[in-house]
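The structure under discussion appears below in the form of structure tokens.
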Amino acid sequence: MTQIILSAFLPVFLIIVLGYGVRALGYIPREHWRGVNALNHRLLLPSFLFALLAQAQFDGGQSLTLAGVSALGSFIMIALALVLGRMISPSGRITAPMIASAVMWNIVLSLALADRLLGDTIASAGAAVSATGVIIGAAAAVASFALTSGRGLQAALIKTAKDPVVLACVLGLAANLSGLGRIAFLVGPIEMIGAGSMAVILLSMGAGLDFKALKGRLTVLLSAALLRTCVGPVVYLGLALAFGFSGDFAVLMAIAGAAPAAAFIYAVAADFDGEAGLTAGMITLTVLTSVITLPVAAAIALSL
């Protein structure tokens, strides 16, 4: 089992390390990555998610149950982050990144690991889990930063409705339900764009690691990392087992629970003048802790 997990996980993490090395050595300077990150958020990731959801072969009740389990996991993580954030500090500016890092897990990394470990057969299940995870996670992240910035609920709703990632999920599901997702010449170009996104996003993930952001506020950073990558897999795997899922489906949920926070939340924090530095630290530390928790969570799920 150890060899299977290492062969699936190691190449993915090496791409992340390569991204950090390319940026740290100055081969591609830090300022150039801003454009790459914008391309990821506005085009590559939305294309990847749209094609995934538009072409997914959902099998009715099972897919709906998986989506529901994913949604329930998201709401539990939001509640835990809200309580933990308030325990650490009464300031909403601390609670906002705590909620965002807890609920918005890295979809691309999770799907890449699931694909390498479980194969193509898990793609539709991954689409079901990702759809609710992205929509609820993005909405919660945007709402938490918007409300604590004083801009109010309306600003949060407008920002969420305009977000390319959320729109891609909604439109992808609509294309799937309407049958448009099965028209090759319509989805083909978008699928080609999305096909090249995974490696670029993983490289950008590594390039975005900010170890300077780990200085200070260790209590907040460690709390966020433990919640996201240690408590998360317990919640998601526990829910999967409680709803009767096992095997590949349980592994998929364990990976989703143990995944690090998505880099997307840093952009949201910056947009709403939130604690961007603290958010960067949370993202970085969750990536580091997930190097351990992801393979462990997957191994536990595989052994059940």
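Counting with my numbering, you get residues 5 to 308 for the letters of the sequence shown.
Glycine included, every Cβ here is placed at the ideal spot set by N, Cα and C.
ask   = Can you give the Cα-Cα distance for Met196 and Gly65, rounded to whole angstroms?
value = Their backbone Cα atoms lie some 30 Å apart in a straight line.
key: Best match in Leu289, Ala28, Arg46 and Gly185 for proximity to Ala211 [C-alpha to C-alpha]   = Ala28
ask   = How close, in whole Å, do the beta carbons of Gly261 and Gly77 come, if the pair is a contact with beta carbons under 8 Å?
value = 7 Å
task = Would you tell me roughly how many angstroms separate the C-alpha atoms of Leu86 and Pro168, rounded to the nearest one?
result = Those two C-alpha atoms are separated by around 26 Å.
task = Please go through the same chain and pick out, in chain order, the residues whose beta-carbon is closer than 8 Å to the beta-carbon of Ala116, but skip the five residues on each side of it.
result = In its chain, beyond the 5 residues on either side, Val16, Met202 and Leu206 have a beta carbon closer than 8 Å to the beta carbon of Ala116.
request  = Using the Cα positions of Ala172 and Met81, report the straight-line distance between them to the nearest angstrom.
outcome  = Roughly 23 Å between the two C-alpha positions.
message = Output needed for Ala58: all residues of its chain with C-beta closer than 6 Å, excluding positions within five of it in sequence on either side, in chain order.
response = Gly176, Ala179, Asn180, Gly185 and Val191
ask   = So does the region 146 to 153 actually touch the region 276 to 289, counting three or more Cβ pairs closer than 8 Å?
value = The count of Cβ pairs closer than 8 Å, one atom from the region 146 to 153 and one from the region 276 to 289, reaches three, so the stretches are in contact.
request  = With a threshold of 16 other CB atoms inside 10 Å of the CB of Arg311, please say whether the residue is buried or exposed.
outcome  = The structure shown does not extend to residue 311, since the chain is modelled only from 5 to 308, so the question has no answer here.
inquiry  = How far does the alpha helix (DSSP H) with Gln59 in it extend, from its first residue to its last?
reply    = Leu49 to Gln59
inquiry  = Please identify the residue among Ile287, Val204 and Ala228 whose C-alpha is closest to the C-alpha of Gly23.
reply    = Val204
task = Assuming Pro101 contacts Thr290 (C-beta within less than 8 Å), just tell me the rounded distance between them.
result = Going by Cβ atoms, the distance from Pro101 to Thr290 rounds to 11 Å, so no, they are not a contact pair.
ask   = Skipping 5 residues on each side, what residues in its chain have a beta carbon closer than 7 Å to that of Phe217?
value = Looking at the sequence itself, residue 217 is Ala, so the reference to Phe does not match. Listed in chain order, the non-local C-beta contacts of Ala217 below 7 Å within the same chain comprise Gly281, Ala284, Gly285 and Thr288, local neighbours out to five positions each way being set aside.
inquiry  = Does Ala267 come out as helix, strand or coil in the three-state DSSP assignment?
reply    = coil
ask   = What distance in whole Å lies between the Cβ atoms of Leu70 and Ala132, which are believed to be in contact at a cut-off of 8 Å?
value = 4 Å
ask   = Anyone know if the C-beta pair for Ser49 and Val107 falls short of 9 Å?
value = Strictly speaking, residue 49 in this sequence is Leu, with Ser absent from that position. Going by C-beta atoms, Leu49 is not nearer than 9 Å to Val107.
query = Cα-Cα, which of Ile8, Ala258 and Leu47 is closest to Val238?
reply = Ala258
Alpha-carbon spacing of Arg120 relative to Ile9, whole angstroms = 9 Å
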